[in-house]
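Residue numbers (this note's numbering): 458 to 867.
Below: one structure, written as structure tokens.
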Amino acid sequence: MSDKPVHAPLAQFPVVGDALTIGGLSVERLAAQVGQTPFYAYDRDAMSRRVRDLRETLPDGLSIHYAMKANPMPAVVDHMAGLVDGLDVASLGELRVALDSGMPAAEISFAGPGKGDVELRGAIAAGITLNLESAGEFERALRAGDGLGIAPRVAVRVNPDFELKSSGMKMSGGPKPFGVDAEQVPQLLHRIGQSGAHFRGFHIFSGSQNLRPESLIEAQDATFELAYRLSDDAPGALEMLNIGGGFGIPYFPGEQRLDLSAVSANLGVRLGECHARLGEVEVMIELGRYLVAEAGIYVCRVVDRKESRGLTYLVTDGGLHHHLAASGNFGQVIRKNYPVVTARHVHEGPREVVSVVGPLCTPLDILGDRMELGCADVGDLIVVLQSGAYGYTASPHLFLGHPAPLQVLV
Ligand SMILES: *Cc1c(COP(=O)(O)O)cnc(C)c1O
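Next comes the structure, spelled out in structure tokens:
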């Protein structure tokens with residue numbers, strides 16, 4: 458046995474006769490049904506199981522929101538809308554999909570810097586909650602509300618004076634384009650109080666893709682303390698407190714699945730304390746990747762097989778232009794391999810070390826670098842797992858002019 462780090466075991470998709478299946482079909486059969494490669498496939502049962510397991514783990518009374526930017530495919534959002542308590546959108550385009558899903562406007566919030574006047578107007582007309590990113594944005598929201606004769610429903614997104622340590626992406630602490638610096642929040646709260654806007658509460662999101670329970674607990678403790686402190690200046694009782702999320706999933710060799718037991722126990726204590734201090738406030742977490750990433754795969758076909766100075770390349774019809782994150786170019790500092798398998802030889806049969814690349818004329822177009830896979834020939838399907846979030850919509854489809862991938866929900 459080598460002690461090289463390996464990928465965490467992935468159990469969400471049954472392997473039948475050594476072939477990967479999703480939604481009860483082998484990937485080969487699903488490819489025939491879809492009619493073209495490459496494509497993304499998302500498994501609705503895997504999403505349902507994830508939300509159900511999360512609800513069993515997390516304390517009662519904590520709401521779960523889905524942050525749509527992780528996967529805004531309308532069919533996925535419709536499915537998620539039936540599972541979660543609310544949706545978080547980041548644009549007017551996402552808002553339309555959220556409203557189409559039937560999620561009540563009262564359970565939709567809109568965060569993100571640089572909301573334009575048309576976006577503010579659309580959000581206020583819909584009656585959703587605006588998570589304010591700056592004092593200037595609030596003034597523009599007020600003017601948009603005046604034009605419509607509607608008091609905007611607003612929460613203040615806070616840029617905390619702490620960070621979520623060991624996160625894949627840091628979104629707080631220090632200067633940030635996201636949210637209002639904690640020390641500037643009291644002034645904005647007074648302005649909201651004078652304005653006639655409907656104040657709803659706080660949104661405190663400190664980071665993403667975190668696999669360390671102790672870091673999550675530390676950030677959650679600091680989040681509740683900050684909310685208590687800021688509530689002293691609030692123009693009224695808090696209706697909601699969005700404590701962010703940041704739960705990560707294992708992508709790379711050596712990463713372990715996040716154990717939520719200690720996080721949940723701590724949240725239970727904090728939730729009780731929060732209700733004692735702030736009254737009947739709805740506390741929610743907002744998660745994107747954790748809810749959908751493991752439910753999705755990306756499938757491409759081997760177009761060519763070649764040897765180059767001792768290394769075997771599988772050249773596929775998929776790559777960086779469809780799946781930027783798996784190529785290592787979406788936020789990674791050092792490129793690491795996503796879990797990749799040969800669709801009809803997952804565990805058994807002859808295996809070989811190969812690099813899986815795409816058709817783009819750039820050395821960045823890598824889906825798997827020197828990985829041991831079941832042997833594959835031209836025509837075989839290669840599957841990139843952990844691909845249900847930040848895949849299709851986070852990739853530069855136009856780069857080099859190849860066709861876009863398809864997406865299916867099974
Ligand atoms: C991106 C984002 C999320 C979702 O992050 P995940 O890592 O996908 O869970 C949640 N909230 C806000 C404000 C975000 O910007």
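A virtual CB, placed ideally from N, CA and C, is assigned to each residue, including glycine.
Is residue i buried or exposed, if buried means 16 or more other CB atoms sit within 10 Å of its CB?
| i | result |
| --- | --- |
| Arg827 | exposed |
| Glu647 | Going by the sequence as given, residue 647 is His instead of Glu. With fewer than 16 Cβ atoms within 10 Å of its Cβ, His647 is classed as exposed. |
| His804 | exposed |
| Gly703 | buried |
| Asp761 | exposed |
| Ala563 | exposed |
| Lys788 | For the record, residue 788 in the displayed sequence is Gly; it is not Lys. Counting Cβ neighbours within 10 Å, Gly788 comes out exposed, since fewer than 16 surround it. |
| Gly775 | buried |
| Ile791 | exposed |
| Ser765 | exposed |
| Cys818 | exposed |
| Arg657 | buried |
Any heavy atom of ligand 1 closer than 6 Å to the Cβ of residue i?
| i | result |
| --- | --- |
| Gly745 | yes |
| Gly702 | yes |
| Ala851 | no |
| Ser663 | no |
| Ala598 | no |
| Ala527 | yes |
| Ala612 | no |
| Ala532 | no |
| Ala568 | yes |
Let me check you understand the geometry: is the CB of residue i closer than 6 Å to at least one non-hydrogen atom of ligand 2?
| i | result |
| --- | --- |
| Ala524 | Looking for ligand 2 in the displayed structure turns up nothing; the ligands present are ligand 1. |
Under the assumption that residue i contacts residue j (Cβ atoms under 8 Å), give the Cβ distance between them as a whole number of angstroms.
| i | j | result |
| --- | --- | --- |
| Tyr808 | Asp475 | Residue identity differs from the one stated: residue 808 is Arg in this sequence, not Tyr. Contact doesn't hold; Cβ gap of about 12 Å is too wide. |
| Met504 | Ala691 | No, Met504 and Ala691 are not in contact; Cβ-Cβ is about 35 Å, not under 8 Å. |
| Gly825 | Ser812 | 6 Å |
| Thr773 | Gly815 | 6 Å |
| Ile839 | Val759 | 6 Å |
| Glu743 | Gly701 | 6 Å |
| Gln666 | Ser624 | 6 Å |
| Gly745 | Tyr499 | In fact, because the Cβ distance is near 13 Å, the residues do not count as touching under 8 Å. |
| Gly664 | Ser629 | 7 Å |
| Val841 | Ala750 | Not a contact, Cβ separation roughly 12 Å. |
For the stretch 594-614 against the stretch 575-584, are there 3 or more C-beta pairs whose distance is under 8 Å? Judged by Cβ distances under 8 Å, the stretch 594-614 makes contact with the stretch 575-584, as three or more pairs qualify.
Please confirm if the stretch 669-680 is in contact with the stretch 632-641, defined as three or more CB-CB distances below 8 Å between the two stretches. The stretch 669-680 makes no contact with the stretch 632-641: fewer than 3 CB pairs, one atom from each, lie closer than 8 Å.
Segment contact flag, the stretch 555-564 with the stretch 530-542, C-beta cutoff 8 Å, min 3 pairs: Contact holds: three or more Cβ-Cβ distances are below 8 Å.
Indicate whether the contact test is met: 3 or more Cβ pairs, each with one atom in the stretch 723-739 and one in the stretch 465-479, closer than 8 Å. Cβ pair count under 8 Å is below three, so no.
The stretch 490-503 touching the stretch 693-710, judged by at least three CB pairs closer than 8 Å: With a cut-off of 8 Å, the stretch 693-710 and the stretch 490-503 do not count as touching, because too few Cβ pairs lie within range.
Contact between the stretch 507-515 and the stretch 715-729: three or more CB pairs below 8 Å? Enough Cβ pairs lie closer than 8 Å, so yes.
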